[in-house]
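In full-length UniProt numbering, the protein residues as written are 1 to 621. Note that the Cβ used here is the ideal one computed from N, Cα and C, for glycine as well. Since the structure comes first, as structure tokens, the remarks are kept for the end.
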Amino acid sequence: MHFPTLYLMCRSLLLWSLVLVQAAGYYPSVQNGYLYDLRVWSESKEMADICWHTFCAICGAFCVEAFVKGLDGVSVAFGAHMQANTSPFNLVGYSFLLYAYSSPITHVDKPDGLPSRPDKHVLATITIPLLQLTIFHMLSIRKRWSSHRFLPTALSSFLSLLHFHLTLFSHSFLSTSVGEVSLLTAPSNGTDPGSYSHPSGVTNYPILNYIPNMFETVLILLISLTIFLNVTTQLLLTGRIIKPLLGLGLNGAGEGSWIPPWEEDFGVVLLRVGTASLEATGLRGWGNEVTGVMASLPSDSATSSGRSRRDKVEHGTLQMDRTGVVKVIPGSITTVTSRGRRRTQAKERTRVLKGWNNEIKDINVARGGRGATGGRRVWGIPGFFTTPGGLYREIRAFGRTFWDVCMGALRLFWDILRARKLRGRFHRALPREDSSAVENEESDGALEEDADEQDYSRFLRGEHVTDDEGDDDEWVNESDIDSAEGEAEEEDGTDETDDEGRASETVGLYYDLGMRGSTPGATSSAMLAHMAYSGSSPLTRRRYGALLGGTTLQSDIRSPSPARRPAPSSPGRSYVGHAGVCQCVTNVGKAWLHDLLLQSIAAPAADESWKDIREYSFLKE
């Protein structure tokens, strides 16, 4: 939306600049190129058309700027009040100036065959405000910069003051030389010298610009004088410059003291600082009257002939910032007691003041480096173009981390590359093993695992488990397995015998468990045998078989040495013992199975067992 009006404003500014340079006689005399085309284009324009197009461009820029600010929510739009520290542009006065100097009556430069032009001072007076308005329109494109008025107004004031003082200087000291230069430069423009009017330098200067320029000049001189007095006073008293802007309404000690108020006009700031300078200079010299200050002095009181006491009172302090009270530091009374004639022995005691006794007489504003940036360290021009200082730290940390990651990736890639090279060399150095032997070993291991799984699954299903060789034994003794393993190791010294022994042992265990766990009687007899056995060595299958067969195991229990063998018992006695044990086991099994379905297990089983044991004992005796 800004581009059409911005184009019109820039076009008008370029046209006025070309006309000003031509009227001042500083346009280069070229006969071709872009400069020649611009010269022909600007010389052919009538002054009335230039003033009318400029007025239309300014009005269009004001309308667009106000409309955009209203959409953005900035309080500088239709129906909104202007800020207190800004001065509105005088569009009526500027339009009257354009209308007055658009007439050929006010023109002093009248070349033959070309449109007439006003004096160069008038052209400069019209061009400088147009430059200010163009900069305002450019800044209004961005919402953050739309309220910045200090820089454009400062530039406009500087150019206006420069033009004003150069005009005065040239009229006062160089009036004769300026007239001669005008006579010499008139023919160079391609026109007749007689067609130019050369009045004095100051008479053609716009009268309306005298008062503002003189007023701004006086304010600048007053501010400069105040700064000079501050600097001179500080150098004479302290030997250094601490606060050169003391008394000007600008804080010169903290951060942000030199930051200009971007939303204020330069003229408003100049007026405010100049007024403060008047007050500051009025308090210097004989006008600086100092009244009496009431303050509590440290008191020394003599408590005795050789003792003195001194009280030092420190009042409380209140620390504040923008948010309010930050901290309250209570006051204290320090009592120093001195003893001795020379008062060399001193004793100090501090008492903190609390409650109503804590009198606060000092307020400490905790600025602490906050300033206009709110405590954040920024880079750039505060208020105009700033970047938080933490951004640079984060960028630096990110760059360092990225560099570490890249270096780590390169090291990892190099390590992988070296590992591949070393592994290739190692494989080339090793002899190739027989692949068939490796495959045979893997197949044998798989077959063994499958055989074990098949035996275990058959055992779980309750099937009859035997070894592959068709052994009809009910179970395999451990001693036989151990002896077989020993003989196989001595004869062959290979792993095949061990594998066969383990396989046969596994089959024997499965078969023994299946046979003995198939009936309740067998389970009951095994349990009773474990309960009745009192030997020191474990109850093995061999001892369990001997117990069922009626063999006396006292000698074996007392002395597990293989040299001592139990004495053989008589057939009759063995038969009687076997019958008694079988009868006892049968009764226990019946009672256990019967009472398992009812409530008690131990009482009937114990009763029947006790009867059978008594009968067995009687038969044994």
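Excluding its 5 nearest sequence neighbours in each direction, Gly-60 has C-beta neighbours in its own chain below 6 angstroms: Thr-5, listed in chain order. Distance from Asp-311 to Ile-333 at the Cβ level is roughly 6 angstroms; contact confirmed, criterion being Cβ atoms closer than 8 angstroms. At the C-beta level, Leu-130 and Leu-13 come within 8 angstroms of one another. Between Ser-102 and Met-47 a beta carbon distance of about 5 angstroms is seen, short of the 8 angstroms cut, so the two are scored as contacting. By alpha-carbon distance to Asp-109, the top candidate from Leu-98, Gly-33, Leu-123 and Tyr-99 is Leu-123. If you draw a straight line from the Cα of His-315 to the Cα of Leu-225, it is about 40 angstroms long. Residue environment analysis places Arg-393 among the exposed positions, since fewer than 16 neighbouring C-beta atoms fall within 10 angstroms of its C-beta. DSSP places Leu-114 in no beta strand (DSSP E); its state is neither H nor E. Among the bridge pairs identified by DSSP, Arg-351 is matched with Ile-333.
By the CB criterion at 8 angstroms, Glu-263 and Ser-147 fall inside the cutoff. Taking C-beta atoms under 8 angstroms as the contact rule, Ser-95 and Ile-128 fail to qualify, at a distance of about 16 angstroms. Out of Glu-216, Leu-235, Pro-28 and Thr-317, the CA that lies nearest to the CA of Asp-265 is found in Glu-216.
Only residues of its own chain outside the window of five on either side were considered, and among them Leu-98 and Ser-102 have a CB closer than 6 angstroms to the CB of Cys-51, listed in chain order.
For Phe-136, the closest alpha carbon among the candidates Arg-144, Val-231, Pro-152 and Leu-271 is that of Pro-152. By the neighbour-count definition (other C-beta atoms within 10 Å, threshold 16), Asp-362 is an exposed residue. Note: Gly-316 is bridge-paired with Ile-360 in the DSSP secondary-structure output. Collapsing the DSSP output to three states places Gly-390 in a helix. Per DSSP, the continuous alpha helix (DSSP H) segment holding His-53 begins and ends at 47-72. Among the bridge pairs identified by DSSP, Val-325 is matched with Met-320. The Cβ neighbour count for Gln-31, taken over all protein chains shown within 10 Å, is under 16; the residue is labelled exposed. Its chain contains Leu-219, Ile-223, Leu-248, Gly-249 and Leu-250 as the residues whose beta carbon lies nearer than 8 angstroms to that of Val-273, once the 5 sequence neighbours on both sides are disregarded; these appear in chain order. One Cα belongs to Glu-359, the other to Gly-331, and the distance between them is close to 7 angstroms. Non-local C-beta neighbours of Leu-155 in its own chain, meaning closer than 6 angstroms and more than five positions away in sequence, are absent. Ala-100 and Pro-111 have their C-alpha atoms some 20 angstroms from each other. Counting only residues of its own chain and dropping the five nearest sequence neighbours on each side, Val-231 has a CB closer than 7 angstroms to the CB of Ile-241 and Pro-244. In this structure, the CA atom of Leu-208 is about 42 angstroms from the CA atom of Leu-235. Comparing alpha carbon positions, the residue from Met-214, Thr-350 and Val-325 closest to Leu-168 is Met-214. Counting of Cβ neighbours within 10 angstroms places Arg-144 among the exposed residues, the total staying below 16. Exposure of His-165 is indicated by the presence of fewer than 16 other C-beta atoms within 10 angstroms of its C-beta. About 7 angstroms separates the Cβ atoms of Leu-133 and Phe-89, confirming a contact at the 8 angstroms cut-off. Distance from the Cα of Pro-104 is smallest, within the candidate group Val-92, Leu-91, Asp-119 and Gly-93, for Asp-119. Sequence-distant partners of Leu-35 (beyond 5 residues in either direction) whose C-beta falls short of 7 angstroms from its own C-beta, in its chain, are Pro-28. Scanning Ala-23, Ser-277 and Ile-259 for the CA closest to the CA of Leu-114 turns up Ala-23. Around the beta carbon of Phe-402, a 10 Å sphere encloses fewer than 16 other beta carbons of the protein chains shown; the residue is thus reported as exposed. Inclusion of Lys-327 and Thr-337 in the CB contact set at 8 angstroms is not warranted, their separation being larger than that value.
With respect to the 8 angstroms criterion, Asn-364 and Leu-410 are not classified as neighbours on the basis of their beta carbons.
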